[in-house]
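Notes to accompany the following structure.
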Amino acid sequence: MKITEFLKHNYRHFNAAALIDAAEGYKTHLDQGGKMMVTLAGAMSTAELGISLAEMIRQDKVQIISCTGANLEEDVFNLVAHDYYERVPNYRELTPAQEQELLERHMNRVTDTCIPEMEAMRRIENVILEEWMKADKANEAYFPHEFFYKILLSGKLEESYQIDPKNSWLLEAAKKNLPIIVPGWEDSTLGNMFAGHVISGDVKKVHTVRTGIEYMMFLAEWYTANASEESTVGFFQIGGGIAGDFPICVVPMLHQDLQRTNVPLWGYFCQISDSTTSYGSYSGAVPNEKITWGKLGQDTPKYIVESDATIVAPLIFAIVLDQ
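Okay, so the sequence shown: first residue is 2 according to my numbering, each after it adds one.
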């Protein structure tokens, strides 16, 4: 039985039914000529979402991505250091002393998975530092994801691959030169490393890596060129936080701050969230709240699946891919 057949036969109520509705809405949006932005919060790359997301990119089911700096880099960490990762199934039971032992072994824990600092983070740092310094000396500036595209497409890391490269979503995105928005990139391991190299003088100009404001300006240009009444852009949000809040604001910015009247609202919206509806929480806000901010319209198809994104996202992608 195909995954899609199984899901449609068994997922009939509550969050299970919302999953089916959201997936069908995604397909309908694309079938009607729309484009889709996928936003990645949390540690979805370390959860190996690339296994399904890379295929979505290959089959042109995603036209633009917004992600945290962590998700950007952690897909590449997994690509080159997968064999050195360690799972800690009993992570809830770890004592502070056991956490200290992980630190001393340079194993940085993300829930039940430990990322090896030397094999993953430092290996990437050495390669990307060359690109930062090269651009700096040439008085050039690039976005964070563009530096990753450079090192991935250069082939410098190929000998270090420890997973099938077809499961790296960032490598697939690089091959297509897919636009990526990385708000708050400074809040990432490589962001910290870049700051350190600027402080130490290895990189002379802090703006060698382009900023979040420039990302918003780029997104405004991209959205204006790609969104029309005939072909709207949808918004598929995995988790909450800046990866979702930053890019969705491009529409009210174009309307309210630039006073443009011919910009369509987002044409589809889905959020996978495990945040309870609460007071003041963006992640816990229901989609209708976005109507008041000029992000969604009252007739925009809206879905929210309140569940674990590591479980839900691959299933929705499977339906979209007709698997």
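Ideal Cβ positions, reconstructed from N, Cα and C, are used throughout, including at glycine.
For G26, the three-state secondary structure derived from DSSP is helix. Ranked by Cα distance from L80, the options E120, Q257, E132 and I21 are led by E120. For Y283, no alpha helix (DSSP H) encloses it, and the DSSP letter there is neither H nor E.
Secondary structure of R211 (DSSP, three-state): coil.
If you check the CB distance, S189 and T311 do not come in under 9 Å. Residues P117 and E120 of the same chain have their beta carbon placed closer than 6 Å to that of Y85, with the five preceding and five following residues left out of the count. Judged by pairs of C-beta atoms under 8 Å, the stretch 224-238 touches the stretch 251-271, as three or more such pairs exist. The alpha carbon of L322 has as its nearest neighbour, out of R110, E25 and M2, the alpha carbon of E25. When A71, V63, L153 and I52 are compared, the shortest CA-CA separation from E187 is found for A71. According to the DSSP assignment, L316 belongs to the alpha helix (DSSP H) that extends over A310 to V321. Scanning R93, G235, A44 and N140 for the CA closest to the CA of A23 turns up G235.
L73 is not a Cβ neighbour of I239, given a cutoff of 9 Å.
Annotated as distal: L171 and V39, with beta-carbon spacing of 9 Å or more.
Within the same chain, Cβ atoms closer than 7 Å to the Cβ of E56 are found at L322, the five residues on either side in sequence being excluded. For the options P288, G35 and M217, the alpha carbon positioned closest to that of D258 is the one of M217.
Taking 9 Å as the cut-off, the beta carbon of I320 is found closer than this to the beta carbon of I21.
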